[in-house]
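A short write-up of the structure that comes next.
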Amino acid sequence: MKILMVCLGNICRSPLAHGVMQHLVEQQGLGWHIDSAGTGGWHVGAPPDHRAIAVARRHGIDISGQRAQQLQPHHLNSFDHIFAMDRSNLRNLLAMADTPAQRARIRLFLDDREVPDPYYEDDLFESVFQMVEARCQEWIELLKRTK
Ligand code: 4NP
């Protein structure tokens, strides 16, 4: 199973979703491959935002080794599930997809809600972490059944 988490900058939300999912997958010995990317390229090569690193660390997860990458068309073929953090990310992903098979792999991480962008709001990092962690646990249970 290969899962890609996608947000705008790949320095706040998707690195948290990537790190939490990887942590849970490793805990359960699932051997799934987890990665993340941003629809924008401004932060390519950079580590996650220091506030994302800090909130993950407070919860026992080290995401400091991640480096931002920009979403590329080939990602749409090399992952089984591609999760968009918000509707703008979802639109950008769907615009990049050109086959029904690619579109079928793309969806909102939270189904009918968005993960709020914490970049300009320090206070949001903790609640973003909480919603990401809860949803990662749900996705693992759902995806284990569809394997
Ligand atoms: P992210 O947050 O999409 O969760 O990584 C953002 C990071 C950077 C910017 C916007 C959102 N930015 O405009 O640089």
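Quick note on numbering: the sequence shown equals residues 76 to 222 in this note's numbering. The beta carbon of each residue, even a glycine, is placed where N, CA and C say it ideally should be. Note that this is a predicted model, so its numbers are computed, not measured.
With 16 other Cβ atoms within 10 Å as the buried cut-off, status of residue i
{"i": "residue 107", "result": "buried"}
{"i": "residue 97", "result": "buried"}
{"i": "residue 153", "result": "exposed"}
{"i": "residue 94", "result": "buried"}
{"i": "residue 212", "result": "exposed"}
{"i": "residue 124", "result": "buried"}
{"i": "residue 205", "result": "exposed"}
{"i": "residue 141", "result": "buried"}
Among the options, the one whose alpha carbon lies nearest that of residue i
{"i": "residue 194", "options": "90, 148 and 80", "result": "90"}
{"i": "residue 144", "options": "156, 119 and 135", "result": "119"}
{"i": "residue 216", "options": "92, 168, 100 and 77", "result": "100"}
{"i": "residue 160", "options": "149, 182, 150 and 140", "result": "182"}
{"i": "residue 223", "options": "148, 137, 128 and 185", "result": "With the chain covering 76 to 222 only, the question about residue 223 has no answer from this structure."}
{"i": "residue 78", "options": "105, 163, 122 and 205", "result": "105"}
{"i": "residue 138", "options": "122, 192 and 150", "result": "122"}
{"i": "residue 236", "options": "205, 179 and 162", "result": "Any property of residue 236 remains undetermined from this structure, which presents the chain solely from 76 to 222."}
{"i": "residue 146", "options": "76, 140, 210 and 85", "result": "85"}
{"i": "residue 199", "options": "130, 83, 76 and 103", "result": "130"}
{"i": "residue 164", "options": "76, 112, 221 and 103", "result": "112"}
{"i": "residue 92", "options": "173, 151, 203 and 132", "result": "203"}
{"i": "residue 177", "options": "151, 80, 158 and 184", "result": "151"}
Residue i: CB within 7 Å of a non-hydrogen atom of the ligand 4NP
{"i": "residue 214", "result": "no"}
{"i": "residue 82", "result": "yes"}
{"i": "residue 167", "result": "no"}
{"i": "residue 197", "result": "no"}
{"i": "residue 211", "result": "no"}
{"i": "residue 117", "result": "yes"}
For residue i: DSSP bridge partner residues
{"i": "residue 96", "result": "DSSP output for residue 96 lists no bridge partner at all."}
{"i": "residue 157", "result": "79 and 181"}
Contact test: residue i Cβ vs the ligand ZN heavy atom, cutoff 7 Å
{"i": "residue 89", "result": "Among the ligands in the structure shown, the ligand ZN does not appear; only the ligand 4NP can be found there."}
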